[in-house]
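Peer 1: Please see the structure below; I have some questions.
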Amino acid sequence: MRSNILLRSSHIYLENELVQTIFGKIEYAYVKYLKDQKRLLLTPVSSQWFVKIYDPTQFLLKSRNLKGDRTVAIREILIDNDLDATDRELTFEIVAKTKLIKINL
639 MRSNILLRSS
649 HIYLENELVQ
659 TIFGKIEYAY
669 VKYLKDQKRL
679 LLTPVSSQWF
689 VKIYDPTQFL
699 LKSRNLKGDR
709 TVAIREILID
719 NDLDATDREL
729 TFEIVAKTKL
739 IKINL
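Sequential numbering of the sequence shown, starting at 639, is according to my numbering.
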C-alpha cells in the first residue's frame, strides 16, 4: 500500500485506502503526540492497549470527499507544542498488526 499523509490547514489528511486498512468503519481515532520523538500516533478507538499505554485524546475522523478520504483536526496539538503548521506531505510508518500510524511532525 502506498498512500500519502498530508498536513493541510492544521488537519491530518488520510487517503481512503489507508483509512480502510487501519480504521475500517470506525469514525473516531485515539491520538497522542510524543514530544520527545516529535511523532503523532493515530489508532482506531477499538485499540484498548493504546489507552492503557498512552492516555490519548479521542478525535473524530471527518469525511472530506466522496472517495472516502478523512481528516483529523490537530490545531491544538500544533499550537500547544509549537510545531510547524506549514502545509506539507508528512513521513509516516504503519504498524499493521496493531493498526497504528506513526506520523513524523
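Even glycine gets a Cβ: it sits at the ideal position worked out from N, Cα and C.
Keep in mind that this is a model prediction, so the values were computed, not measured.
#1: Considering only the alpha carbon of each residue, which of Thr695, Asp725, Ile691 and Lys670 lies closest to serine 647?
#2: Look at the Cβ atom of phenylalanine 730, then the Cβ atom of lysine 737, and state whether they are nearer than 8 Å.
#3: Suppose only complete runs of 3+ residues qualify. What are the beta strand (DSSP E) ranges in the segment 663 to 709, listed by chain order?
#4: How far does the alpha helix (DSSP H) with asparagine 654 in it reach, from first residue to last?
Peer 2: Reading off the structure:
#1: Of the candidates Thr695, Asp725, Ile691 and Lys670, the one whose C-alpha sits nearest the C-alpha of serine 647 is Asp725.
#2: At least 8 Å separates the beta-carbon of phenylalanine 730 from that of lysine 737.
#3: The DSSP assignment places 666 to 672, 677 to 682 and 695 to 698 as complete runs of the beta strand (DSSP E) inside the segment 663 to 709, in order along the chain (cut-off: 3 residues).
#4: That run of the alpha helix (DSSP H) goes 654 to 660.
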